[in-house]
Amino acid sequence: MSADYTNQDDPNPQRGNTMLKIRNLLLGLTLVLMSAVVLAEDLVVYHIDDATVAPKALRNVQNHLDVDPLAKISVVSHANGVDFLMTDAKDPKGNPYTDLIKPLVQRGVTFEVCQITLKNRNLKPEQFMGEVVYTPSGVVRLAKLQHDGAAYIKP
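In terms of the numbering used here, the sequence shown is numbered consecutively and its last residue is 1042.
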């Protein structure tokens, strides 16, 4: 069933068809633009299992967002990779990691810590920065993000 925009008394019956064509064109353009926005948001997961690569990884994430500000980035850490996310953690130059992490969180980056690592290393959530979120298993989280289409990067 199609909409009939013609009016029997209208001296210009083509006007209804023109309006229908314009409406369909605008609807099509809207759908194309919405699709472009969705496709422009890349999903990326950075895998950190060794805190010594944290400076390089954080620099990579910063550069990534500078070039692709719409990217949706998750940093998943487990094993010794969680150490840089602890409250008093400092980089090799003595600067607090919070100074690097907070701006990235403000840009939408999530930092995820493996709860299995916490249990195995007798660590408590209170020992970590407030910006951290917890995932039951870092390895499972990595697999799920990749299954959902995230690009995998291991600095």
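Here a beta-carbon is modelled for each residue, glycine too, at the ideal position from N, C-alpha and C. Here the structure is a predicted model, which means the values were calculated and not measured.
So does the region 977–992 actually touch the region 930–937, counting three or more Cβ pairs closer than 8 Å? no
Which same chain residues, not among the five before or five after residue 1015, have their C-beta less than 8 Å away from its C-beta? Locating residue 1015 in the sequence shown gives position 128, where the first residue counts as 1. The residues are 969, 972, 973, 974 and 1000.
Near residue 1003, which residues of its chain fall below 6 Å by C-beta distance, leaving aside the five closest residues on each side in sequence? In the sequence shown, residue 1003 corresponds to position 116, counting from 1. Closer than 6 Å at Cβ, skipping near neighbours: 1024.
Residue 1006 to residue 914, Cα distance in whole Å? Within the sequence shown, the letter at position 119 stands for residue 1006. Within the sequence shown, the letter at position 27 stands for residue 914. Rounded to the nearest angstrom, the two C-alpha atoms are 53 Å apart.
Apply the 10 Å Cβ neighbour rule to residue 1047 and answer buried if 16 or more other Cβ atoms are within range, or exposed otherwise. Examination of residue 1047 is not possible in this model, given that the chain is present from 888 through 1042 alone.
For residue 1004, the first and last residue of its enclosing beta strand (DSSP E): For the purposes of this step, residue 1004 is taken as the residue at position 117 of the sequence shown. Per DSSP, residue 1004 belongs to no beta strand (DSSP E); it is in the alpha helix (DSSP H), 1002–1007.
Decide if residue 1028 is buried, meaning its Cβ has at least 16 other Cβ atoms within 10 Å, or exposed. As a working note, residue 1028 is residue 141 in the sequence shown. Classification for residue 1028: buried.
Quick one, which of 988, 904 and 982 has its alpha-carbon nearest residue 947's? As a working mapping, residue 947 is identified with position 60 in the sequence shown. For the residues 988, 904 and 982, the minimum Cα distance to residue 947 belongs to 988.
Taking 8 Å as the limit between beta carbons, can you name the residues of its chain near residue 1022, skipping five residues before and five after? Numbered from 1 along the sequence shown, position 135 holds the residue referred to as residue 1022. Once the five neighbours on either side are set aside, the close Cβ partners of residue 1022 are 963, 999, 1000, 1001, 1002 and 1028.
Closest by CA to residue 984, which one among 1019, 1010, 1009 and 1040? Within the sequence shown, numbered from 1, the residue matching residue 984 stands at position 97. The residue with the shortest Cα to Cα distance from residue 984 is 1019.
Mark residue 965 as exposed unless 16 or more other C-beta atoms lie within 10 angstroms of its C-beta, in which case mark it buried. If you number the sequence shown from 1, residue 965 lands on position 78. Residue 965 is buried by the Cβ-count criterion.
Cα separation between residue 958 and residue 943? For this step, residue 958 is matched to residue 71 along the sequence shown. For this step, residue 943 is matched to residue 56 along the sequence shown. Cα to Cα, residue 958 sits roughly 18 Å from residue 943.
Could you spell out where the alpha helix (DSSP H) holding residue 1038 opens and where it closes? Looking up residue 1038 in the sequence shown gives position 151. Where residue 1038 is concerned, there is no enclosing alpha helix (DSSP H), although the beta strand (DSSP E) it sits in stretches over 1038–1040.
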